[in-house]
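Data block below; observations after.
Here is the structure:
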């Protein structure tokens, strides 16, 4: 059995930041995965990430607009991403989303 690493706060933050960057890059390459699919399966989506990113900036006193936060997550302006990649939710997707909101 491997002993747990004793990480400094700086090392832990660097690892978390690297994992976050990898997640964002992965989502940027998987434009076929719709936000509603992410919400239905995982309970969060790209918009959630952008809101968490903005909240972290606010906590740090950094001036990041909601639009900039979305662009940082999507890799392009949100309106452009929506126009290029977002599809209409199917009735099944919407029903699953609506059902999840009730819980």
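Numbering (our numbering), first residue to last: 170 to 272.
In this text, a Cβ means the ideal position worked out from N, Cα and C, and glycines have one as well.
Secondary structure within the region 203 to 265: the alpha helix (DSSP H) runs of 4 or more consecutive residues, fully enclosed, are 204 to 211, 215 to 228, 235 to 243 and 247 to 254 (chain order).
With the rule of 3 Cβ pairs closer than 8 Å, the region 192 to 199 counts as touching the region 238 to 245. Taking all protein chains in view, the Cβ of residue 210 is surrounded by fewer than 16 other Cβ atoms within 10 Å, so the residue is classified as exposed.
Spatial neighbours of residue 266 in its own chain (CB-CB distance under 8 Å, excluding positions within 5 residues in sequence) are listed in chain order as 205, 208, 209 and 258. DSSP, reduced to helix, strand and coil, places residue 190 within a helical segment of the structure shown. Ranking 171, 227 and 201 by CA distance to the CA of residue 254 puts 201 first. Residue 226 and residue 248 have their C-alpha atoms spaced approximately 22 Å apart. If you draw a straight line from the Cα of residue 172 to the Cα of residue 178, it is about 18 Å long.
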